[in-house]
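The numbering of the sequence shown is our numbering, which starts it at 1357 and goes up by one.
Notes to accompany the following structure.
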Amino acid sequence: MAQAEATVDQRAAVILTFHAALEREIDVVLAALLPRPDKLKKGFGFANKIDVLAAAWKGDPDAGDRLHLVLRRFNDLRNSVAHGDKIEEVERWLAKLLDAYRAIDPDVDVHVEIGEMAQGICSFMADGPTPREMVKVAEALDQLVNVTMPAALAFRVPDERGATGD
1357 MAQAEATVDQ RAAVILTFHA ALEREIDVVL AALLPRPDKL KKGFGFANKI DVLAAAWKGD
1417 PDAGDRLHLV LRRFNDLRNS VAHGDKIEEV ERWLAKLLDA YRAIDPDVDV HVEIGEMAQG
1477 ICSFMADGPT PREMVKVAEA LDQLVNVTMP AALAFRVPDE RGATGD
């Protein structure tokens, strides 16, 4: 058991979980794109779904191709982990996933987490903001609500003694 544990990539659960979540999101997108998505067989696999998604993609063809590649790389990474590849092989697939992800999110940091990539892929599928763009929006709202607006209104938040600092 100790030898088996030593060969298991500790990221396996995260990779498998986000792969399953991506597959559910692909199902949602396919249901919206296809006139009869119920005709897809129950055992229709991830690789087949992303091929159908690429074929049914109604947006920019280049964006569809980039999405297809990043989903293919996520599937390659999942397969590498699920089939017990050596950690070096998993790392190669992770690097390929990151390269493909950069095609849809060029500003991504080299230390991006698997979950952030999965969220970014879902956002890209839905033509929505990336996770980092959402953080920027939240930071801008925080600045507006907690700094800019109170200053503009000459509003001071009282401290615990009730003093406003005036």
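C-beta: ideal position from N, C-alpha, C; glycine also.
For clarity, every value in this text was computed on a predicted model and none was experimentally measured.
Where does the unbroken alpha helix (DSSP H) through PRO1506 begin, and where does it stop? DSSP places PRO1506 inside the alpha helix (DSSP H), whose first and last residues are 1505-1508.
LEU1425 to ALA1456, Cα distance in whole Å? Just so you know, the alpha carbons of LEU1425 and ALA1456 end up roughly 6 Å apart.
For PHE1400, which of VAL1501, ASP1416 and ILE1382 has the nearest alpha-carbon? Checked all of VAL1501, ASP1416 and ILE1382; the closest Cα to PHE1400 is ILE1382.
Do VAL1466 and ILE1371 have their C-beta atoms closer together than 8 Å? The answer is no: Cβ separation not under 8 Å.
Starting from PRO1417 and walking both ways along the alpha helix (DSSP H), at which residues does that stretch end? Element bounds for PRO1417: 1417-1438.
Would you mind reading off the limits of the alpha helix (DSSP H) that contains ASP1476? Contrary to the premise, residue 1476 reads as Gly rather than Asp in this sequence. Where GLY1476 is concerned, the enclosing alpha helix (DSSP H) stretches over 1470-1481.
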